[in-house]
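Numbering (numbering that gives the first Met the number 0), first residue to last: 0 to 342. C-beta atoms are modelled at their ideal positions from N, C-alpha and C, and glycine is treated no differently. Presented below is the structure to which this report refers.
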Amino acid sequence: MEDLDLVLSDGKSELNSCSDSSTLDTFFAKYLSKKGKVSSLMGYMKEISKENKAAFGMKVNAIKNELNAAYEEKKAYFEKLALNKKLQEETIDISLPGREVTPGRTNPYYLIIDEVTDIFLDMGYEVKEGRDVETDEYNFELLNVPVDHPARDMQDTFYFDSSLLLRTQTSAAQAHTMKEKAIKTPIKIICPGKAYRRDDDDMTHSHQFAQIEGLVVDKNISIANLKATLELFAKKMFGEKRQIRLRSSYFPFTEPSVEVDVSCFSCNGKGCALCKNTGWIEILGAGMVNPKVLEMCGYDPEVWSGFAFGVGVERVAMLRYGIDDIRRFYQNDVRFLSPFKGK
Numbered sequence: 000m001e002d003l004d005l006v007l008s009d010g011k012s013e014l015n016s017c018s019d020s021s022t023l024d025t026f027f028a029k030y031l032s033k034k035g036k037v038s039s040l041m042g043y044m045k046e047i048s049k050e051n052k053a054a055f056g057m058k059v060n061a062i063k064n065e066l067n068a069a070y071e072e073k074k075a076y077f078e079k080l081a082l083n084k085k086l087q088e089e090t091i092d093i094s095l096p097g098r099e100v101t102p103g104r105t106n107p108y109y110l111i112i113d114e115v116t117d118i119f120l121d122m123g124y125e126v127k128e129g130r131d132v133e134t135d136e137y138n139f140e141l142l143n144v145p146v147d148h149p150a151r152d153m154q155d156t157f158y159f160d161s162s163l164l165l166r167t168q169t170s171a172a173q174a175h176t177m178k179e180k181a182i183k184t185p186i187k188i189i190c191p192g193k194a195y196r197r198d199d200d201d202m203t204h205s206h207q208f209a210q211i212e213g214l215v216v217d218k219n220i221s222i223a224n225l226k227a228t229l230e231l232f233a234k235k236m237f238g239e240k241r242q243i244r245l246r247s248s249y250f251p252f253t254e255p256s257v258e259v260d261v262s263c264f265s266c267n268g269k270g271c272a273l274c275k276n277t278g279w280i281e282i283l284g285a286g287m288v289n290p291k292v293l294e295m296c297g298y299d300p301e302v303w304s305g306f307a308f309g310v311g312v313e314r315v316a317m318l319r320y321g322i323d324d325i326r327r328f329y330q331n332d333v334r335f336l337s338p339f340k341g342k
């Protein structure tokens, strides 16, 4: 029993002298591990008389419990010290200035697409984007532009082969929509997307450009419906004071066809450099859907009628933001993009 008391006192003394977690681990290995001094005390059990075995065993368990409780208390103390030290080392100096974050900017090309799309969505239109690679049938023939039609000379096309090409206009998506309706029903769609034509890139021309074309097909549609739609669009896009005028023009897929001008939003129609002193700015082409197009796409022109229009995205953006070179939209120059913010 005296040896047991000695183990207890030595254990307490060594535990008190532990100065860190490392020395505490050494203490645990020496006294409380499976091969430690406390566990080895049970080896004396065979030398203890029968009547003293119970008292000896109880004494060993009491020593083990006492040293273990003291060890856990010391361990918790060292863990708390380590945590406090870590927190002090990780303290953030809130007096330091924050790091400047440079936000991204939205290309005005997409700002115009989003704005025009939102205007027509509010008017009940659906969005049909179509595909960039088209067939000659949908890009030309179904839009009343057969192989020998002179209008093909106006659109120098990127061909993959005799029947496959990069679309020259987003109107192809309109032809798809009309053809896909097995049961003919009204249509009210816009078709935003890229178009491609062989062209020499300069300040006002690009081999790749964006269009947003619209199509309405229903019964009893007239040019008055077209004019009212485009007037509303012009006011929402360029301001409530804007007016439009229609000038006779020609497109093979519309008849009659018109060019649409909006009163200059810089000089309010008085005449300036932007409108070339005319008071008007051309913004889009439009017209009533040619009966031949309706018929080729499965709509009876005696029952159905409609109108179509097309907006040049870059042209509107150049007018809106005073951009002098169409190539800026595709160069991703941060100096050009920095003034533009998204929604």
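Going straight from the alpha carbon of residue i to that of residue j, what length do you get?
{"i": "Glu-65", "j": "Val-100", "result": "58 Å"}
{"i": "Lys-226", "j": "Ser-205", "result": "29 Å"}
{"i": "Asn-60", "j": "Glu-13", "result": "19 Å"}
{"i": "Leu-95", "j": "Phe-328", "result": "39 Å"}
{"i": "Ile-222", "j": "Ser-247", "result": "12 Å"}
{"i": "Gly-286", "j": "Asn-219", "result": "15 Å"}
{"i": "Pro-338", "j": "Arg-104", "result": "8 Å"}
{"i": "His-175", "j": "Glu-258", "result": "25 Å"}
{"i": "Leu-283", "j": "Ala-233", "result": "10 Å"}
Short of 7 Å in beta carbon distance, which residues of its chain neighbour residue i, apart from the five on each side in sequence? Order them along the chain.
{"i": "Asp-160", "result": "none"}
{"i": "Leu-318", "result": "Ile-280"}
{"i": "Ile-235", "result": "Residue identity check: residue 235 is Lys in the sequence provided, not Ile. So the qualifying residues of the chain are Ile-118."}
{"i": "Gly-123", "result": "Lys-187"}
{"i": "Glu-128", "result": "Ala-172, Cys-190, Pro-191, Gly-192"}
I'd like to confirm the pairing. Which residues does DSSP put opposite residue i in its beta bridges?
{"i": "Trp-279", "result": "Ser-262"}
{"i": "Asp-132", "result": "The identity of residue 132 in the sequence shown is Val, whereas the question assumes Asp. Its beta-bridge partners are Leu-165."}
{"i": "Ile-211", "result": "Pro-191, Val-310"}
{"i": "Ala-285", "result": "Val-257, Phe-308"}
{"i": "Leu-95", "result": "None; Leu-95 has no bridge partner."}
{"i": "Tyr-158", "result": "Leu-164"}
{"i": "Ile-243", "result": "Val-261"}
{"i": "Val-126", "result": "Ile-189"}
Using 8 Å as the cut-off, classify the Cβ of residue i as near or not near the heavy atoms of the ligand GTP, replying yes or no.
{"i": "Ile-243", "result": "The ligand content of the structure shown is nil, which means the ligand GTP is not present either."}
Suppose contacts are defined by Cβ-Cβ distances below 9 Å. Is residue i in contact with residue j by that definition?
{"i": "Phe-208", "j": "Val-312", "result": "yes"}
{"i": "Leu-214", "j": "Ile-188", "result": "yes"}
{"i": "Asp-4", "j": "Tyr-43", "result": "no"}
{"i": "Tyr-195", "j": "Arg-151", "result": "no"}
Kindly list the residues whose CB is nearer than 6 Å to the CB of residue i, restricted to its own chain and excluding five residues on each side of it in sequence; keep chain order.
{"i": "Ser-170", "result": "Leu-142, Glu-212"}
{"i": "Lys-178", "result": "Cys-296"}
{"i": "Pro-300", "result": "Pro-290, Leu-293, Glu-294"}
{"i": "Phe-26", "result": "Glu-13, Leu-14, Cys-17"}
{"i": "Ser-256", "result": "Ser-248, Tyr-249, Phe-250, Gly-286"}
Mind checking if residue i is an interface residue toward chain D, Cβ cutoff 9 Å exclusive?
{"i": "Lys-340", "result": "Among the chains in the structure shown there is no chain D, since it carries only a single protein chain."}
Below 8 Å CB to CB, which residues in the same chain sit around residue i once its five sequence neighbours on both sides are set aside?
{"i": "Lys-29", "result": "Glu-13, Gly-35, Lys-36"}
{"i": "Ser-16", "result": "Thr-22"}
Whole runs of the alpha helix (DSSP H) within the region 42-115, excluding any shorter than 4 residues: 49-88
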